[in-house]
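Undergrad: Numbering (the working numbering), first residue to last: 236 to 654. Below you will find the structure I want to go over with you.
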């Protein structure tokens, strides 16, 4: 099974199914960010199971990322230990499975009361790979706390997780406790959990841990991390193990289940059949008993396999496209400094000072009055001395050349000719 998981193709965007048009079988809007159940059934598609009581759920094609159906997909709800999938997405690439770490009392001091534990003991030296098996199989909050400290600390890891979620397009998730322990403000959604599950399947280590049914965990270790004795641990996902009165689902890849008082039962599950991988998320079934979680997930998986190819997608788990960098400015080589364009002459439309100093209307009035005074003086000189007036000596060059002054000069010349 693990070998098959590593062969999963890199997810790519799938073209929407355009023909034939879907028959109307959707309650509410087709947009996943609106409440209600969303599905676009085509001819030959099976009806959705009518006994799903979960507050929120989603069915998707894991390869393409197409959302086949969903109910209140963006409803913010406590995720319980399914939050560990985001923790693994964040910390797995940063921590080598071959590394070892000696656990301290301080690293385990903040594990929440009543947490699920794998049995990490202070003073023991563990391989990182063993700690990850403790996270995925036993949902061990003690293993999460140790790995988070190795990753930079509890709060730093929470911040990294939120950054990772945003990069994947998962905007409903708020991380307070990386292990999924109930905490005020900690929420996720069926959509975001599906995003995390799908992203995890593309990472071979994640897929291997998520599909492992059982393993041996160190009970005590030498200083180099070699176990001196071990005990067996079993994956808590009953759809994978087929224990506790739950029949194992054929082709199940696992991923992660969870339970807390606030969250109720939660599950991310994926199964592969006939070359297709279907992914479902189920959050807080309202039917009593833990078996309702697995029964509803089973029904949704069955529907997903039967409906694939017969429904039009109602959304996508694909992460947002990266923002393209602006093109580099092309600079043409030249022999010398770039020529500087001369400042345009002031005009009635562009008075002296330009846009930086307003519309220039005040300067135009002042310039007109001052120009008229100088021109009148010049006229007197012309009439008395009969010599040409050098306007550049009377007015600043830019004012003397302006259209306004030129018009005044022409008018005064004509007036002088009449005298």
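Even for Gly, the Cβ is constructed at its ideal location relative to N, Cα and C.
So, at 6 Å on beta carbons, what are the nonlocal neighbours of residue 368 in its own chain, with the 5 sequence-adjacent residues on each side left out?
TA: Position 133 of the chain shown, counted from the start, is the residue given in the question as residue 368. So the list reads 450, once near-sequence residues are dropped.
Undergrad: Using 8 Å as the threshold, is the stretch 345-358 in touch with the stretch 299-307, meaning 3 or more CB pairs across them?
TA: The stretch 345-358, when compared against the stretch 299-307, does not touch it at the 8 Å Cβ threshold.
Undergrad: Rounded to whole angstroms, what is the Cα-Cα separation between residue 456 and residue 442?
TA: Looking up residue 456 in the chain shown gives position 221. Looking up residue 442 in the chain shown gives position 207. Distance between the alpha carbons of residue 456 and residue 442 is about 27 Å.
Undergrad: Under a three-way DSSP split, which group does residue 258 fall into?
TA: Numbered from 1 along the chain shown, position 23 holds the residue referred to as residue 258. Low confidence applies here, because residue 258 scores a pLDDT of 37, under 50, leaving its location unreliable; read the following figure in that light. It is a strand residue.
Undergrad: So, using beta-carbon positions, are residue 320 and residue 490 closer together than 9 Å?
TA: As a position in the chain shown, residue 320 is number 85, starting the count at 1. As a position in the chain shown, residue 490 is number 255, starting the count at 1. Closer than 9 Å, so yes.
Undergrad: Among all the DSSP beta bridges, which residues are the ones paired with residue 489?
TA: What you label residue 489 is simply residue 254 of the chain shown in a count that begins at 1. Paired residues: 505.
Undergrad: Which stretch, first to last residue, makes up the alpha helix (DSSP H) that contains residue 368?
TA: Here residue 368 refers to the residue found at position 133 when the chain shown is read from its first residue. Taken as a continuous stretch (DSSP letters only), the alpha helix (DSSP H) holding residue 368 covers 363-371.
Undergrad: How big is the Cα-Cα spacing for residue 531 and residue 285?
TA: As a working mapping, residue 531 is identified with position 296 in the chain shown. As a working mapping, residue 285 is identified with position 50 in the chain shown. Cα to Cα, the separation comes out at about 10 Å.
Undergrad: Grab the span of the beta strand (DSSP E) containing residue 517 for me, first residue to last.
TA: For this step, residue 517 is matched to residue 282 along the chain shown. Its beta strand (DSSP E) spans residues 511-520.
Undergrad: How many angstroms separate the CA atom of residue 377 from the CA atom of residue 480?
TA: Walking along the chain shown from the start, residue 377 turns up at place 142. Walking along the chain shown from the start, residue 480 turns up at place 245. Cα to Cα, the separation comes out at about 28 Å.
Undergrad: By the 10 Å Cβ neighbour count, where 16 or more other Cβ atoms means buried, how is residue 427 classified, buried or exposed?
TA: Numbered from its first residue, the chain shown carries residue 427 at position 192. Its Cβ being crowded by 16 or more others within 10 Å, residue 427 is buried.
Undergrad: Which residues share a DSSP beta bridge with residue 312?
TA: Here the question's residue 312 lines up with position 77 in the chain shown. DSSP lists 423 as partners of residue 312.
Undergrad: Kindly identify the DSSP beta-bridge partner or partners of residue 291.
TA: Sequence index remark: in the chain shown, residue 291 carries index 56 (1-based). The partner list for residue 291 (beta bridge, DSSP) reads 518.
Undergrad: Have a look at 506, 500 and 471 and flag the residue whose alpha-carbon is nearest the alpha-carbon of residue 294.
TA: Numbered from 1 along the chain shown, position 59 holds the residue referred to as residue 294. Among 506, 500 and 471, the Cα nearest to that of residue 294 is on 506.
Undergrad: Could you say which of 485, 405, 348 and 370 lies nearest to residue 418 if we only look at CA atoms?
TA: The sequence position of residue 418 within the chain shown is 183, counting from 1. Measuring from the Cα of residue 418, the nearest candidate turns out to be 348.
Undergrad: With distance defined between alpha-carbon atoms, name the residue in 267, 281 and 551 nearest to residue 543.
TA: By one-based count along the chain shown, residue 543 stands at place 308. Of 267, 281 and 551, the residue nearest in Cα terms is 281.
Undergrad: Could you name each continuous beta strand (DSSP E) segment of 3 residues or more that falls completely within the stretch 318-392, going from the start of the chain to the end?
TA: Runs of the beta strand (DSSP E) inside the stretch 318-392: 335-337 and 360-362.
Undergrad: Please identify the residue among 526, 508, 267 and 379 whose C-alpha is closest to the C-alpha of residue 298.
TA: The residue you call residue 298 lines up with position 63 of the chain shown. Out of 526, 508, 267 and 379, 508 has the C-alpha closest to the C-alpha of residue 298.
Undergrad: What span of residues does the alpha helix (DSSP H) with residue 439 cover, start to end?
TA: Residue 439 sits at position 204 when you count from the first residue of the chain shown. First-last of the alpha helix (DSSP H) with residue 439: 439-446.
Undergrad: Check whether the stretch 457-464 and the stretch 398-406 touch, using three or more Cβ-Cβ pairs below 8 Å as the test.
TA: The stretch 457-464 is not in contact with the stretch 398-406.
Undergrad: Tell me which residue opens and which closes the beta strand (DSSP E) that residue 466 is part of.
TA: In the chain shown, residue 466 corresponds to position 231, counting from 1. Segment 462-469, the beta strand (DSSP E) holding residue 466.
Undergrad: Under 8 Å: do the stretch 545-552 and the stretch 316-331 share three or more Cβ pairs, one atom per stretch?
TA: The stretch 545-552 vs the stretch 316-331: no contact.
Undergrad: Residues in the same chain with beta-carbon distance under 8 Å from residue 263, minus the five sequence neighbours each way, listed in chain order, please.
TA: Mapped onto the chain shown, residue 263 falls at position 28. In this prediction, residue 263 scores a pLDDT of 36, lower than 50, which makes its location untrustworthy; no coordinate-derived value is stated.
Undergrad: Just the C-alpha distance for residue 365 and residue 511, rounded to the nearest angstrom, thanks.
TA: The residue given as residue 365 occupies position 130 in the chain shown. The residue given as residue 511 occupies position 276 in the chain shown. Taking the straight line from one Cα to the other gives about 31 Å.
Undergrad: Could you check if residue 412 is buried or exposed, using at least 16 other CB atoms within 10 Å of its CB as the buried criterion?
TA: Taking the chain shown and counting its residues from 1, the one referred to as residue 412 is at position 177. Buried is the call here.
Undergrad: According to DSSP, is residue 494 part of a helix, a strand, or is it coil?
TA: In the chain shown, residue 494 corresponds to position 259, counting from 1. Three-state DSSP puts residue 494 in a strand.
Undergrad: For residue 541, which residues in the same chain have their Cβ closer than 6 Å to its Cβ, ignoring the five residues on either side in sequence?
TA: Position 306 of the chain shown holds residue 541. Closer than 6 Å at the Cβ level, and outside the excluded window around residue 541, lie 281.
Undergrad: Just the Cα atoms here: how many angstroms apart are residue 435 and residue 545?
TA: By one-based count along the chain shown, residue 435 stands at place 200. By one-based count along the chain shown, residue 545 stands at place 310. Distance between the alpha carbons of residue 435 and residue 545 is about 26 Å.
Undergrad: How is residue 394 classed by DSSP in three states: helix, strand or coil?
TA: Taking the chain shown and counting its residues from 1, one reaches residue 394 at position 159. In this structure, residue 394 counts as helix in the three-state DSSP scheme.
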